[in-house]
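Below: the structure, in structure tokens.
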Amino acid sequence: MNSHLPVIAIVGRPNVGKSTLYNRLAGRRMAIVSDIPGTTRDRVSMDAEWNGIRFLLVDTGGIEDRPGDLLWQDVRAQTARALADADAVILVVDAAAGISPGDSEAADLVRRAGKPYVLAANKGDNPMREIAATEFYQLGAGDPISISAYHDRGIYDLMERLFQLLPVEPGGEDPSGSIRVALIGRPNVGKSALFNALTGEERAIVSPIPGTTRDSIDSQFEFEGHDLTFLDTAGLRRRGKADEELEKYSVIRTIGAIERSHVCVLLLDATELITAQDTHIGGYINEASRAAIIVVNKWDLARQLKLDRKMVTAGVDARFKFFPGVPLLFTSALTGDGVEQVPRAVLDVWAQFSKQLGRDELSKAVFEAIGNNPPPTQGTVRPRIFRVKQTRTSPPTFEFSSRHPELIHFSYRRYLENRLRDAFSFAGSPIRMQFVPRDE
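Taking the numbering used here, the leading residue of the sequence shown gets 2, the next gets one more, and so forth.
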């Protein structure tokens, strides 16, 4: 399991095409693209991917020296913050406009950040502009790579160079042996209060003002002979409401905490129950293939809110179908009621998340399921599964050696997953299933 999702920042002076490149890499139009310099303050993509490598993509405001302009000073400070958080940087310049003082300023800022970077000469739409891009050697920022973000030219070479500078960490468990637990949820659902109640420390600021917590805070303690490291995180807002720059970069840290964790504790607020943003956050956890627990906090208000556990449980089951068998807890971080259940539930789902099945018991369960319900015929061809093996834990991953695996329908794959859960539980844990052609 990767413990870190790479963060890549796109940096440059205004109007060089940073947002166009951002949209190209993110795969959809998410940043505002305009000819007016300074349109972008900051934008964040949570699910960018290149050649199977997932990463966080940050589009920054343009770097330009305007003494006395407080807004541009703020934009520069925001860009510096993005560079501090980044693992690698794409420095963008405009091949059509040529070199400018703003480019020199941006290059100097990137060099001083000390992060791996590549220089992208954007708007290289024709051979003359590609030749003109050599002018940017004057920046002392390495070889300029001629690209056209708008026309999708040179992007492959750019990203290949970038990822050569940024090796992807191999999967692996935390050498400390600690179980990492991320407290995730919208602002003001009680994450910091629960964090303090769990750890017995007052390291996180507790406030009724949404967004008080900006950074992730780690606290390690022992529970029943196991080391648990709790990562308290800033709340995730809907993108449209994350107006402050600090809120935007808090989102990066929260997604990073999910990626670093083994178990995610998703907090819901009893006063609002399940919102669209709660299921959106659950989707991040599911996409990262992390174990999960759902906690309904502020349950001390249940009586006056006329809530009962059966009703709330039904709502959670309906809205979080991608978390089969997820443990559901009811707590009040304010009074301490139910808080002691959380570390016990963490250990329970961790045991499921890290479970290794014996080959014989796995084969027996799978082939009994296939015997009761064989893969359906597709036209005149019936897919066939010959063997199954577990290839890893955390998350538990199973490889099915098959004939015509491409014809095994999603619904049948879900059937096999359900039979695995019936036989071995995996409550609160994702299951990955890979169907591969049989070795000849």
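Backbone N, C-alpha and C fix where the C-beta goes; we use that ideal spot for every residue, glycine too.
These numbers come from a predicted model, not from an experiment.
Compute the Euclidean distance between the alpha carbons of glycine 372 and phenylalanine 401, then round it to the nearest angstrom. 15 Å
With a threshold of 16 other CB atoms inside 10 Å of the CB of alanine 292, please say whether the residue is buried or exposed. buried
Segments assigned beta strand (DSSP E), at least 3 residues, entirely inside the segment 73-153: 89-95, 118-123, 145-147
In three-state terms, what does DSSP make of leucine 71? The predicted model places leucine 71 with a pLDDT of 46, which falls under 50 and marks its position as unreliable, so this point remains unresolved.
Could you pull the DSSP bridge partners for arginine 404 from this structure? Arg385
Among Ala183, Ser364, Val111, Gly53, the one whose alpha carbon lies nearest that of serine 262: Ala183
For the structure I just gave you, are there three or more beta carbon pairs, one from the segment 404-424 and one from the segment 297-315, closer than 8 Å? no
Using the C-alpha atoms, what's the distance from aspartate 228 back to arginine 187? 26 Å
In the DSSP assignment, what are the bridge partners of valine 264? Val182, Ala292
Using 10 angstroms around the beta-carbon of lysine 116, count the other beta-carbons present and answer buried if the total reaches 16, otherwise exposed. buried
Once you ignore the five residues that flank arginine 181 on each side, which residues in its own chain have a CB closer than 7 Å to its CB? Asp175, Thr230, Leu232, Arg261, Ser262, His263
Considering leucine 26, what are the terminal residues of the beta strand (DSSP E) in which it resides? Counting along the chain, leucine 26 falls outside any beta strand (DSSP E), though it belongs to the alpha helix (DSSP H) covering 19-27.
Assumed close pair glycine 125, serine 101 - CB separation to whole angstroms, cut-off 8 Å: Rounded, the Cβ-Cβ distance is 16 Å, inconsistent with contact.
In the structure shown, what three-state DSSP assignment does alanine 49 receive? strand
By DSSP, does arginine 420 sit in helix, in strand, or in coil? helix
For proline 446, collect the residues of the same chain with a Cβ closer than 8 Å to its Cβ; drop the 5 residues on either side in sequence, then sort them by chain order. Because residue 446 is not part of the residues shown, which for the chain are 2 to 441, the question remains open.
How would you label glycine 226, buried or exposed, when you count the other beta carbons within 10 angstroms and need 16 or more for buried? exposed
Nearest-angstrom Cα separation, counted from alanine 121 out to tyrosine 151: 13 Å
Whole-angstrom C-beta distance between lysine 356 and phenylalanine 425, which should lie under 8 Å: 7 Å
Under the assumption that leucine 408 contacts glutamine 379 (Cβ atoms under 8 Å), give the Cβ distance between them as a whole number of angstroms. 4 Å
Given 8 Å, three or more beta-carbon pairs between the segment 316-332 and the segment 271-284: yes
Rounded to the nearest angstrom, what separates alanine 346 and isoleucine 294 at their Cα positions? 7 Å
Alanine 87 and valine 59 - do their beta-carbons sit closer together than 8 Å? yes
Suppose contacts are defined by Cβ-Cβ distances below 8 Å. Is valine 442 in contact with leucine 269 by that definition? Given a span of 2 to 441 for the chain in the structure shown, any question on residue 442 remains unanswerable.
Which residues mark the beginning and the end of the alpha helix (DSSP H) in which arginine 162 is found? 156-166
So, are the CB atoms of arginine 420 and glycine 326 less than 8 Å apart? no
Using CA coordinates, which residue listed in Gly143, Asp144, Ala96 is at the minimum distance from glutamate 131? Ala96
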